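Numbering (the working numbering), first residue to last: 158 to 317.
Structure representation (structure tokens):
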């Protein structure tokens, strides 16, 4: 069994953890080597019928959109706040919708905060662009937003 190639006879219970063990982000000489490792691992999992359609697509895409093997690169989080159409903001009842996500109920503009991740060359480039450096990894699982109102909580998490 070579590096990046799982035992095709067994499917890991936690694909993300198995991927991190097989292809560590900080254990690669360059970004191409990391992506190659991930793609080989994904292909072995696919051949063993361990992955659904969405996982097959997202694993390589998330690896390509990572800092792994990129010297000094960081994840950079930027936030934007939309407006809330709630006629009585702050009353504890989320009766409005967010301007930046019509599917999200809100009570105040703070409920309409969207946080996005991108790659930045280094921490200084991230902060100069108005972002906050968030370490290493993939944009797919970074900078998740938690929005809380009195009536509900929404948390978004993506695992590569």
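We put the beta carbon where it would ideally sit given N, CA and C, even for glycine.
Source: prediction; values computed, not measured.
Neighbourhood of residue i by C-beta, 6 Å cutoff - its chain only, sequence neighbours within 5 removed
i, result
"residue 108", "The displayed coordinates of the chain run from 158 to 317. Any statement about residue 108 would go beyond what the structure contains."
"residue 192", "220, 221"
"residue 181", "none"
"residue 188", "226, 227"
"residue 283", "231, 233, 277, 290"
Alpha-carbon spacing of residue i relative to residue j, whole angstroms
i, j, result
"residue 258", "residue 271", "9 Å"
"residue 244", "residue 262", "12 Å"
"residue 173", "residue 236", "26 Å"
"residue 224", "residue 300", "14 Å"
"residue 292", "residue 233", "8 Å"
"residue 264", "residue 273", "22 Å"
"residue 184", "residue 212", "23 Å"
"residue 195", "residue 256", "37 Å"
"residue 266", "residue 247", "9 Å"
"residue 177", "residue 242", "42 Å"
"residue 208", "residue 214", "10 Å"
"residue 238", "residue 281", "23 Å"
"residue 114", "residue 240", "Residue 114 falls outside the range modelled here, since the chain spans only 158 to 317, and no answer is possible."
"residue 199", "residue 275", "23 Å"
"residue 260", "residue 296", "23 Å"
"residue 197", "residue 186", "16 Å"
Buried/exposed call for residue i, threshold 16 Cβ in 10 Å
i, result
"residue 251", "buried"
"residue 171", "exposed"
"residue 167", "exposed"
"residue 249", "exposed"
"residue 311", "Caution is warranted here: a pLDDT of 37 is assigned to residue 311, below 50, making its placement in the model unreliable, and the coordinate value is therefore given only provisionally. It is exposed - the Cβ of residue 311 has fewer than 16 other Cβ atoms within 10 Å."
"residue 253", "buried"
"residue 294", "buried"
"residue 179", "buried"
"residue 210", "exposed"
"residue 206", "exposed"
Residues of its chain near residue i, where Cβ-Cβ distance is below 8 Å and the 5 sequence neighbours each way are ignored
i, result
"residue 269", "238, 239, 240, 241, 255, 256, 257, 258, 261, 263, 304"
When the Cβ atoms of the region 285-292 are set against those of the region 212-222, are three or more pairs found closer than 8 Å?
-> By the C-beta criterion, the region 285-292 is judged not to be in contact with the region 212-222, since fewer than 3 inter-stretch pairs fall below 8 Å.
Ordered list of alpha helix (DSSP H) runs contained in the region 226-311, each at least 4 residues = Runs found: 280-285.
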